[in-house]
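In this note's numbering, the protein residues as written are 2 to 371.
1. Tell me the DSSP secondary structure of residue 74 in three-state form.
2. Can you give me the Cβ contacts of residue 157 inside the same chain, cut-off strictly under 6 Å, excluding the 5 residues immediately before and after it?
3. Grab me the residues of residue 1's own chain with a C-beta within less than 6 Å of its C-beta, minus the 5 sequence neighbours each way, in chain order.
4. So, using beta-carbon positions, are residue 198 and residue 134 closer together than 8 Å?
5. The alpha helix (DSSP H) spanning residue 109 covers which residue range?
6. Report all residues from its chain with a CB closer than 6 Å to the CB of residue 310; omit the five preceding and five following residues, and keep chain order.
7. Relative to the C-alpha of residue 327, which candidate in 370, 348, 67, 57 has its C-alpha closest?
8. Determine, using beta carbons only, whether residue 1 and residue 191 come nearer to each other than 8 Å.
9. Strictly by DSSP, which residues pair up with residue 206?
10. Alpha carbons only, please: which of 371, 71, 79, 193 is nearest the one belonging to residue 142?
11. The alpha helix (DSSP H) spanning residue 191 covers which residue range?
12. Scan the stretch 219 to 246 and note each continuous alpha helix (DSSP H) run of 4 residues or more that stays entirely inside, going in chain order.
13. Can you tell me where the alpha helix (DSSP H) holding residue 366 begins and where it ends?
14. Across the stretch 317 to 332 and the stretch 50 to 65, are there enough close Cβ pairs to call them in contact, namely three or more that are closer than 8 Å?
15. Quick check on DSSP: helix, strand or coil for residue 217?
16. From residue 180 to residue 174, what does the alpha carbon distance come to, in whole angstroms?
17. Starting from residue 318 and walking both ways along the beta strand (DSSP E), at which residues does that stretch end?
18. Residue 125 and residue 167: beta carbons closer than 8 Å?
19. Are residue 76 and residue 329 touching if we call contact CB-CB under 8 Å?
20. Put residue 167 into one of helix, strand or coil per three-state DSSP.
21. Quick check: what's the CA-CA separation for residue 114 versus residue 356?
22. Rounded to a whole number of angstroms, what is the C-alpha to C-alpha distance between residue 151 and residue 232?
23. So the alpha helix (DSSP H) residue 144 belongs to, where does it begin and stop?
24. Measure from the alpha carbon of residue 255 to the alpha carbon of each residue in 185, 128, 313, 285, then state which is nearest.
25. Helix, strand or coil for residue 292, going by three-state DSSP, please let me know.
26. Can you tell which of 302, 316, 87 has the C-alpha that lies nearest to the C-alpha of residue 52?
27. Can you tell me where the beta strand (DSSP E) holding residue 298 begins and where it ends?
28. Nearest by alpha-carbon distance to residue 259: which of 236, 292, 229, 279 is it?
29. Just to confirm my understanding: we take residue 367, look at its own chain, exclude 5 residues before and 5 after, and list those with CB closer than 8 Å. What are they?
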């Protein structure tokens, strides 16, 4: 996932949380990786703004933190302008051996300040960090697995969490402070998480930049970050194997439609959906970062025909995630929300309703509707 670095200190005394210039080991994407250099024009469709639920947003991340009443109220005001009726707040995926439990707590705080508008996701920091720490290990100790299971139980118990995540199997780095994360989807703790999430009937938010076969690092990333390796490993076969491992585990594939490797194509996603009924896709309708013809939209936010046909083929399997990093200022918070609303405007009305509202309520078991 592309995420922004959290501030180094809580902004509890501010009227609204702003931008921090302090970097931390959890740093994420710079602006050009996730946001257009210029924000698209405001919505002007004669039919009015379409309602939707944002299934992937961050009040804590790179360069931003939003955990005061004034800040979350400002976020809600911006959401209202772009049709986002509710949002699921999750923590970005922390790298190995660097859990940010304080960040997990801040997610809780942000949700509790406006429970009428926000739902809770858990584990993006603590659980993902444990998972990443096992990368390359042939065997994970019983103690480590038990500790992981205990952590899952603690995070879910009485929290009202609607999703576990954000977790990452492949997470490319966009700047020196932004972590590169790579671990096989069939790793032991991902399998354990599938079992635990299935038992709890909670879906998993799963970030995996699509790589069909091991490839050199795409040229877009060369020189952007020293964290990326010279090549990235194929992961779609292993992802399929994880999905098959426990069919009762629901996986929501984050950022689908945003091409980060050159392999995120409609035919690939079609094949994955056809083979795996427990897979759902979370649409991030942006042309960036590669500005690829395989992205779900073009530079003018028009939906490519093959992607539209895919959504019509699987109308009950898609939701929308803005991947926003809220800080309580409209200039920042409206960027991705604008693009998601424009995407909805370009869909047939019945499909927009299903993807924007009906599917999130069903897949995440959300109370209160859209």
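Glycine included, C-beta positions come from ideal geometry on N, C-alpha and C.
Put simply:
1. helix
2. 201
3. Absent from the model: residue 1. The displayed extent of the chain is 2 to 371, so no value can be given.
4. no
5. 102 to 114
6. none
7. 67
8. What is shown of the chain runs 2 to 371, which leaves residue 1 out entirely.
9. 253
10. 193
11. 189 to 201
12. 237 to 246
13. No alpha helix (DSSP H) contains residue 366, which DSSP labels as neither H nor E.
14. yes
15. strand
16. 6 Å
17. No beta strand (DSSP E) contains residue 318, which DSSP labels as neither H nor E.
18. yes
19. yes
20. strand
21. 27 Å
22. 35 Å
23. 143 to 157
24. 285
25. coil
26. 87
27. First-last for residue 298: undefined, no H or E at that position.
28. 292
29. 54, 87, 120, 163, 361
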